[in-house]
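> Quick note on numbering: the sequence shown equals residues 482 to 659 in this note's numbering.
C-beta: ideal position from N, C-alpha, C; glycine also.
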Amino acid sequence: QLQAIFDIVSTNDVPGLSRLLSNSAKEGWSISKTSDMIMLAVKGKCHPHHCTDFDKDLAILVYELGGGGALYALNKAPIMLPSRHTIADTRRHHSLRITMGNVTMSAILENTEMLFKNDIEIGEHKRVGITLSQDEIAGDGRLCYLDETDEIAGLCEHAVSALETFKMGTDLESVRKY
């Protein structure tokens, strides 16, 4: 049976093969069931689910650089990248308020909370990256890199001199004191 699987895989483009084998291992399929599912995938009758984070990241990259058409084509190709619908939640971001005129502490506080709070509903706001430079939140020399969101963050240069400390800790109390 292993020889049959090897023959199928080596002579055909199997859509979503890595996900199919991953599902087989997770669900404890027998070798014959795995072979049958691979044959169904070759015939276009099996579409494996459960995308990995890597699959989603690659799909987002293709979507951002090549657009919806490129992602659709690669979703239908043997690589079977996740669809635009599948990556929609991963692409949702928070929206920052652009400050017009004088910078106010309330605008800075709202934008800072938007970036650093964990309990904001996904999809409630949409992050706009250019807003960071327009609002000058990252204008101070004391910048930090956020691994989780792959962003550079910092305090607004207009408010930095009025703060007693730059340490944020687990809350925004040092900013609220201002």
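Between M518 and L501, what straight-line distance do the alpha-carbon atoms span, to the nearest angstrom?
In the sequence shown, residue 518 corresponds to position 37, counting from 1. In the sequence shown, residue 501 corresponds to position 20, counting from 1. Whole-angstrom Cα-Cα distance: 8 angstroms.
> In this structure, does DSSP put A558 in helix, strand or coil?
Within the sequence shown, numbered from 1, the residue matching residue 558 stands at position 77. Residue state, collapsed to three classes: coil.
> Among the candidates L539, T630 and E508, whose CA atom is the shortest distance from the CA of P529?
On the sequence shown, position 48 is the one that residue 529 refers to. Per the Cα distances, E508.
> With DSSP run on the structure shown, which of helix, strand or coil describes S432?
The chain is shown from 482 up to 659; residue 432 falls before or after that span and cannot be answered.
> Please list, in chain order, all residues of the same chain as S564 whose beta carbon is under 6 angstroms from its beta carbon, the five residues on each side excluded.
Working through the sequence shown from its first residue, we reach residue 564 at position 83. Cβ within range, chain order: N556.
> For V490, which three-state DSSP category applies?
Mapped onto the sequence shown, residue 490 falls at position 9. The DSSP-derived three-state label of V490 is helix.
> State buried or exposed for A569, treating a residue as buried only when at least 16 other CB atoms are found within 10 Å of its CB.
As a working mapping, residue 569 is identified with position 88 in the sequence shown. Burial call: exposed.
> How big is the Cα-Cα spacing for G525 and P559?
To locate residue 525, count along the sequence shown from 1; it is residue 44. To locate residue 559, count along the sequence shown from 1; it is residue 78. Between G525 and P559, the C-alpha separation is close to 10 angstroms.
> Should S505 and T515 be called a contact, given that it needs their Cβ atoms to be closer than 7 angstroms?
Taking the sequence shown and counting its residues from 1, one reaches residue 505 at position 24. Taking the sequence shown and counting its residues from 1, one reaches residue 515 at position 34. Contact: yes.
> Pull up the distance between the alpha-carbon of C532 and that of N583, whole angstroms please.
For the purposes of this step, residue 532 is taken as the residue at position 51 of the sequence shown. For the purposes of this step, residue 583 is taken as the residue at position 102 of the sequence shown. C-alpha separation (whole angstroms): 46 angstroms.
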